[in-house]
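Enquirer:
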Amino acid sequence: MSLVQRIAALGRGTLELLGSLGRAGVFLLQSSLGIPSREGWYLWLRQMHFVGVMSLAIVLVSGVFIGMVLSLQGYTILVDFGAEEALGQMVALSLLRELAPVVAALLFAGRAGSALTAEIGLMKATEQLSSMEMIGVDPLRRIIAPRLWAGFVSLPLLTVGFSVVGIWGGYLVGVEWLGVFEGAYWSGMQGSVGFFDDVGNGLVKSLVFALVVTWIAVFQGYDLVPTSEGISRATTRTVVYSSLAVLGLDFVLTTLMFGELG
Amino acid sequence: MSDAMLVELEGVRFSRGEKEIFQGVDLRVPRGKITAIMGPSGTGKTTLLKLIGGQLAPDSGSVRIAGQDVHRLPRRELFRLRRRMGMLFQSGALFSDLDVFENVAFPLRVHTDLPEAMVRDVVLMKLEAVGLRGARHLMPAELSGGMLRRVALARAVALDPELILYDEPFVGQDPISMGVLVQLIRKVNQALGLTAIVVSHDIKETLSIADYVYVISDGQVMAHGTPASLDVDRDPRVSQFIHGEPDGPVPFHYPAPDYFSDILAERTGS
């Protein structure tokens, strides 16, 4: 490939990327703004069940295990310094600040994001979205908006659940099994976890991740090429893009939130 | 703009990527009649319906429905205009999470405030008209292709539209359901007095119900007229299409290098 061709390809790729970002932006605005009708609330509730409640099992089970592993690993290190009393603090801070928002978002992308992409993509491929348009119902409002809002709301809630069961998992291993003093586990946590700094920042992170993951999932479904290959590619893209976006944004957000705490 | 015409296309050009699909299509659909748009596969007939329904925008030219330029309407107005249209998709495009009854009830529920009892009556009337009142509790996945299209037809006329668009209504149907659909389309048109556009390449069936026919090929209107006048059209391209001759001005072969040298190329070339 000659240099000119390479430059042309780069330009074309950039234009395509910008075009797709523009479409995604307009798409987000058109579908997420506006006041829902009474039926809109019902549709949103149904999606909350599908997107949120159905993801509960995988998120909670993972939360328990991560809390348990965290506690076990933390203990083996802390005990060398005789600092196992700080276990509660360590488990709680790592979960609230990092692991709960990030891991819950990754699981959410895999469980709910991919399902959203495939569902919307299949609706597009079977012309259900087109037929809805022709009936005079805007699919952005009826299909997309409830799913977007269900994602925005449910991931932060799932993240809270993840932290809670993670801390409990850490308690099971640290206190019940390894014999760390129970009072130290809880009071260490109480003394070190700040509501705004730790709980609040973790929630802000998960809100950002919720927005990004749901947006990617729903847009990939809506914008895909309506063939079986197109659906499979879009589903893969949802998981890959969401995971990368979550991990990348996590670094940016962590720098902004905790960069000067050191 | 005359009142006699419900849909008017003027100089519609549309291209997809590099490929120009329509190079200036003019087309007029009279009120209360069945107008057929025919042409070989791949001439963009479905695309034409999407242009009429406002799902795609032409590069230039205009599409007017009842005097309103479809592509200049704000999004909200466009959706309002669509309530006056029904469209029958090739696949039926029923909502797969709703049963037959709810599919037909859908337009009524979203666009009217009718009480439940009346919704039920209307839905049952529409289903009775397509002969599927007994299938109201089935899910779309449990229906045959012909039944899917009949339910979709019932849904398309649920709001008694002025204009109905049929996308390849006869494709892939067995002779019985084909006959049923032909009869239904004619009956629906007569009973409701609506305007219909049928896109199809099933010549016999389409000519039997159409009042006026447009034949589209190579991005342009190749011929138009009543079914009787097209039947005796001398233009070899029209005649080939209307009489279903395998070879003619529209070649049987996709453009290819010479057959003989192509076969030999493999042996000499490698």
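Protein sequences appear in the order of chains A and B.
Using numbering that gives the first Met the number 0, the first residue of the first sequence is number 0, and each one after it goes up by one.
Using numbering that gives the first Met the number 0, the first residue of the second sequence is number 0, and each one after it goes up by one.
Every residue gets a Cβ at the ideal spot worked out from N, C-alpha and C, and that includes glycine.
1) Using three-state DSSP, classify residue 253 (chain B) as helix, strand or coil.
2) Checking contacts by CB at 8 Å: is residue 259 (chain A) closer than that to chain B?
3) Out of A:23, A:111, A:27, which one is the CA nearest neighbour of residue 49 (chain A)?
4) Among B:13, B:21, B:16, which one has its Cα closest to the Cα of residue 217 (chain B)?
5) Looking at chain B, which residues of the stretch 123–143 of chain A have a Cβ within less than 7 Å of any of its Cβ atoms?
6) Whole angstroms are fine: how far does the CA of residue 84 (chain B) sit from the CA of residue 134 (chain A)?
7) Mind listing the chain A neighbours of residue 146 (chain B)? Cutoff is C-beta to C-beta under 8 Å, in chain order.
8) Residue 145 (chain A) and residue 42 (chain A) look like a contact to me (Cβ under 8 Å); what is the Cβ gap, rounded to whole Å?
9) On a Cα-Cα basis, can you pick out the residue from A:109, A:136, A:151, A:114 that is closest to residue 211 (chain A)?
10) Check whether the Cβ atoms of residue 155 (chain A) and residue 209 (chain A) lie closer than 8 Å to each other.
11) Buried or exposed, going by whether 16 or more other CB atoms sit within 10 Å of the CB of residue 0 (chain B)?
12) Specify the secondary structure class of residue 235 (chain B) as computed by DSSP and reduced to three states.
13) Would you kindly report the start and end of the unbroken alpha helix (DSSP H) that includes residue 5 (chain A)?
14) Let me make sure I understand the geometry here. Which of B:91, B:186, B:153 has the alpha-carbon closest to that of residue 107 (chain B)?
15) Three-state secondary structure (DSSP) at residue 212 (chain B)?
16) Using a Cβ-Cβ cut-off of less than 8 Å, give me the residues of the stretch 98–120 of chain B that come near chain A, in sequence order.
17) Within the 8 Å Cβ cut-off, does residue 227 (chain B) reach chain A?
18) Could you check what DSSP says for residue 138 (chain B) in three-state terms: helix, strand or coil?
19) Residues of chain A with CB under 7 Å from residue 54 (chain B), in chain order?
20) Would residue 112 (chain A) pass as an interface residue toward chain D - the criterion being a Cβ-Cβ separation below 8 Å?
21) Can you confirm whether residue 79 (chain B), when its beta carbon is compared against all beta carbons of chain A, has any partner nearer than 8 Å?
22) Using only CA atoms, which one of B:94, B:147, B:162 lies nearest to residue 48 (chain B)?
23) Please report the residue range of the alpha helix (DSSP H) in which residue 115 (chain B) lies.
24) Which residue from A:90, A:74, A:91 puts its Cα closest to that of residue 83 (chain A)?
25) Could you give the C-beta distance for residue 131 (chain A) and residue 140 (chain A), rounded to a whole number, given that I count them as a contact under 8 Å?
26) State the CB to CB distance for the pair residue 223 (chain A) and residue 233 (chain A), rounded to an integer number of angstroms; the pair is presumed to be in contact (CB under 8 Å).
27) For residue 82 (chain B), would you say it is in contact with chain A, using Cβ-to-Cβ distances shorter than 8 Å as the test?
28) Quick one: does residue 259 (chain B) have its CB under 8 Å from some CB of chain A?
29) Short of 7 Å in beta carbon distance, which residues of its chain neighbour residue 52 (chain A), apart from the five on each side in sequence? Order them along the chain.
30) To the nearest angstrom, report how far apart residue 170 (chain B) and residue 21 (chain A) are at their CA atoms.
31) I need the DSSP call for residue 219 (chain B), collapsed to helix, strand or coil.
32) Quick one: what does DSSP say residue 61 (chain A) is sitting in, helix, strand or coil?
Expert: This is what the structure holds:
1) coil
2) no
3) A:111
4) B:21
5) 125, 126, 127, 129, 130, 132, 133, 134, 135, 136, 137
6) 7 Å
7) The contacting residues do not exist; residue 146 (chain B) stays about 16 Å from chain A at best.
8) 4 Å
9) A:151
10) yes
11) With a pLDDT of 46 at residue 0 (chain B), under the threshold of 50, the modelled position of that residue is not reliable, and the figure given next carries that caveat. Counting Cβ neighbours within 10 Å, residue 0 (chain B) comes out exposed, since fewer than 16 surround it.
12) helix
13) 2–31
14) B:153
15) strand
16) 105, 106, 109, 110
17) no
18) coil
19) 129, 132
20) Protein chains A and B are contained in the structure displayed, whereas chain D is not.
21) yes
22) B:162
23) 115–128
24) A:74
25) About 10 Å separates the two Cβ atoms, so there is no contact after all.
26) 4 Å
27) yes
28) no
29) none
30) 38 Å
31) strand
32) helix
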